[in-house]
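Protein chains: 2
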Amino acid sequence: MRQETVENYLKTIYNLSSNNSTVVVNQQLANKLEISPASVTEGLRKLHELKYVVYEKSYGTRLTSAGAKLALSIVRRHRIWETYLAKELGFGWDEVHEIAEELEHIKNDKLINKLSAILGNPMFDPHGDPIPDAKGKIKKSNFIKLSEAKVKGNYSLMGVTDHSAAFLKYLEKHQLIIGANIDIKGIEEFDNTIVLICNKKEVTISAKAAECIIVETV
Amino acid sequence: MRQETVENYLKTIYNLSSNNSTVVVNQQLANKLEISPASVTEGLRKLHELKYVVYEKSYGTRLTSAGAKLALSIVRRHRIWETYLAKELGFGWDEVHEIAEELEHIKNDKLINKLSAILGNPMFDPHGDPIPDAKGKIKKSNFIKLSEAKVKGNYSLMGVTDHSAAFLKYLEKHQLIIGANIDIKGIEEFDNTIVLICNKKEVTISAKAAECIIVETV
DNA sequence: ATTATCTTTTAGGTATACCAAAATTAATAA
DNA sequence: TTATTAATTTTGGTATACCTAAAAGATAAT
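For the record, the sequence lines run as chains F and W.
For what it's worth, the working numbering labels the leading residue of the first sequence as 2, then goes sequentially.
For what it's worth, the working numbering labels the leading residue of the second sequence as 2, then goes sequentially.
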């Protein structure tokens with residue numbers, strides 16, 4: 002199996018299972034990888050042989066420790082590149098993901114560690130996602146979704162879970178950037194729309210958008 | 002045909018034909034690409050179909066203008082990355098080629114142009130190899146290796162291809178620094194040792210060292 | 001010019017990574 | 001519980017990028 006193929010599978014399995022650490026099913030993978038379910042079955046069988054995943058047919062998949070280790074290193078490369086592109090090379094939030102998608106496959110630890118050092122070994126990328134360190138350790142946070150925030154609470158914007166260009170542009174327009182201070186003014190009861198103050202301006206956020214915004218209690 | 006495969010063929014054909022602009026034969030390609038001659042035949046047939054090369058069987062290959070254009074853009078990416086890795090990220094010249102070999106396939110003009118701008122849009126990499134500009138234009142250089150210099154020629158030292166501390170100290174000792182003026186006094190026939198005048202002092206350079214010194218015809 | 005040698009091509013074959021359609025298995029609803 | 005629906009796997013097939021071994025073509029040497 003080609004290294005790039007292995008990496009794309011493992012990264013995707015990691016991303017799908019990291020939130021709730023559940024088993025990943027084929028259809029999710031087929032969607033994310035943009036290949037047919039039949040191909041996913043075939044791929045998982047090979048990854049099982051390579052001992053990167055435990056795959057039981059018609060049930061689901063999870064990473065082995067070897068698979069998780071590899072996945073973490075790809076996630077690290079991806080997020081370090083995203084951060085470097087944004088902070089050192091002047092790319093916008095909405096542009097970095099696509100380029101990092103290619104750069105993440107360049108396997109050279111010295112390069113990634115060098116970029117990380119230049120950035121001051123950041124623990125979070127421009128989207129607020131944690132960057133595993135060189136050993137694969139991830140900084141645990143007490144981040145919550147904006148949709149779980151409480152009225153009159155004061156929060157700091159830490160990241161997003163939707164990386165579409167449209168969404169990122171929408172956030173930028175309202176100055177909802179990483180580190181922005183947010184005061185929850187109110188939550189509409191009937192549709193869970195959130196009204197908040199950011200940079201002294203009132204912004205209304207739909208329930209759907211609030212699901213995609215990660216904040217930290219201040 | 003996969004984009005990376007196309008790029009590797011075209012880059013190699015370019016590198017083999019750029020010096021004397023002759024037609025490239027299969028065996029050279031097979032060697033450089035580290036694949037069998039049979040595979041080269043197959044590959045060239047496809048590249049011919051794609052109109053990147055003119056390929057006449059049992060004769061040889063040359064790039065079409067479309068092929069040369071693509072080749073030039075890969076050479077640009079490769080040399081910009083090499084320069085960036087060395088100058089901005091602190092890699093040694095012995096390390097950069099291998100990494101650039103992977104990075105050169107990342108296709109994003111904005112990225113390469115950004116790196117180029119940071120470096121001051123260099124026209125040559127420190128090997129003395131020209132870097133094509135964004136339009137594929139190459140600045141013709143009269144850089145040569147000292148080992149190719151002629152007796153009684155007058156040259157200017159432009160760079161080195163060996164960056165070991167020992168070598169650099171050796172050069173410094175003889176005041177062989179960038180920009181130094183060099184007059185070739187003689188070349189020993191039996192071992193190609195070069196005797197030159199630098200700063201009014203006579204210096205003897207071994208053939209091996211002369212391979213690593215880049216000079217410009219004055 | 002004819003053999004010997006070297007190069008290139010053809011023929012036949014492998015492994016990877018994908019696919020659609022059919023068959024199977026699991027989940028859900030009646 | 002059985003029928004219906006949905007997910008998964010199997011089957012058979014494609015294209016790419018390689019390979020080896022044998023055949024054909026070009027080059028050089030006598």
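Ideal Cβ positions, reconstructed from N, Cα and C, are used throughout, including at glycine.
Please read these numbers as outputs of a predicted model, since none were measured by experiment.
Would you please state the rounded distance, in angstroms, between the beta carbons of residue i and residue j? I believe it to be under 8 Å.
i, j, result
"Thr205/F", "Thr218/F", "Rounded, the Cβ-Cβ distance is 21 Å, inconsistent with contact."
"Ile215/F", "Gly160/F", "4 Å"
"Ile113/W", "Ile81/W", "5 Å"
"Leu11/W", "Tyr53/W", "6 Å"
"Gln28/F", "Pro38/F", "6 Å"
"His128/F", "His164/F", "6 Å"
"Glu212/W", "Lys146/W", "6 Å"
Rounded to whole angstroms, what is the Cα-Cα separation between residue i and residue j?
i, j, result
"Ala208/F", "Glu83/F", "27 Å"
"Gln4/F", "Leu71/F", "11 Å"
"Leu64/W", "Tyr171/W", "42 Å"
"Val15/F", "Val7/F", "Checking the sequence, you will find Tyr at residue 15/F rather than Val. Taking the straight line from one Cα to the other gives about 12 Å."
"Ile178/F", "Ala69/F", "30 Å"
"Thr42/W", "Glu35/W", "13 Å"
"Gln176/F", "Glu190/F", "25 Å"
"Thr162/F", "Ala87/F", "18 Å"
"Lys33/F", "Thr13/F", "7 Å"
"Asn9/F", "Asp130/F", "18 Å"
"Lys136/W", "Ala101/F", "25 Å"
"Asp134/F", "Asp110/F", "11 Å"
"Ala167/F", "Val24/F", "30 Å"
"Lys174/F", "Ile198/F", "14 Å"
"Lys201/F", "Ala210/F", "20 Å"
"Asp192/W", "Gly44/F", "59 Å"
"Leu169/W", "Ile132/W", "25 Å"
"Val26/F", "Leu73/F", "20 Å"
"Met2/W", "Ala67/W", "16 Å"
"Tyr156/F", "Glu203/F", "15 Å"
"Asn143/F", "Ser18/F", "19 Å"
Within the 9 Å Cβ cut-off, does residue i reach chain W?
i, result
"Lys108/F", "yes"
"Leu120/F", "no"
"Ile100/F", "yes"
"Gly91/F", "yes"
"Glu103/F", "yes"
"Glu43/F", "no"
"Glu96/F", "yes"
"Leu112/F", "yes"
Would you give the residue range spanned by the beta strand (DSSP E) that residue i belongs to?
i, result
"Thr205/W", "Lys202 to Ile206"
"Glu83/W", "Counting along the chain, Glu83/W falls outside any beta strand (DSSP E), though it belongs to the alpha helix (DSSP H) covering Ser66 to Lys88."
"Val97/W", "Taken as a continuous stretch (DSSP letters only), Val97/W belongs to no beta strand (DSSP E), being part of the alpha helix (DSSP H) at Trp94 to Leu104."
"Ile119/W", "Ile119/W -> not in any beta strand (DSSP E); alpha helix (DSSP H) instead, spanning Asp110 to Ile119."
"Val196/F", "Ile195 to Cys199"
"Lys146/W", "Phe144 to Lys146"
"Leu158/F", "Asn155 to Val161"
"Tyr56/F", "Val54 to Glu57"
Over what stretch of residues does the alpha helix (DSSP H) that includes residue i continue unbroken?
i, result
"Ile14/W", "Gln4 to Ser18"
"Phe191/W", "Note, Phe191/W: premise wrong, no alpha helix (DSSP H); not H, not E."
"Val41/W", "Pro38 to Glu50"
"Glu173/W", "Ala166 to Lys174"
"Ala31/W", "Asn27 to Leu34"
Against chain F, with Cβ distances strictly below 9 Å, would residue i count as a contact?
i, result
"Leu86/W", "yes"
"Lys115/W", "yes"
"Lys12/W", "no"
"Leu30/W", "no"
- Query: Given 8 Å as the limit, is there contact between the segment 83-92 of chain F and the segment 52-63 of chain F, that is, 3 or more CB pairs closer than that?
  - Reply: no
- Does the segment 105-119 of chain W come within contact of the segment 124-131 of chain F, defined as at least 3 CB pairs closer than 8 Å? no
- Query: Can you find at least 3 beta carbon pairs, one from the segment 149-162 of chain F and one from the segment 177-191 of chain F, that sit closer than 8 Å?
  - Reply: yes
- Within the chosen definition, does the segment 94-108 of chain F reach the segment 46-55 of chain F through at least 3 CB pairs nearer than 8 Å? no
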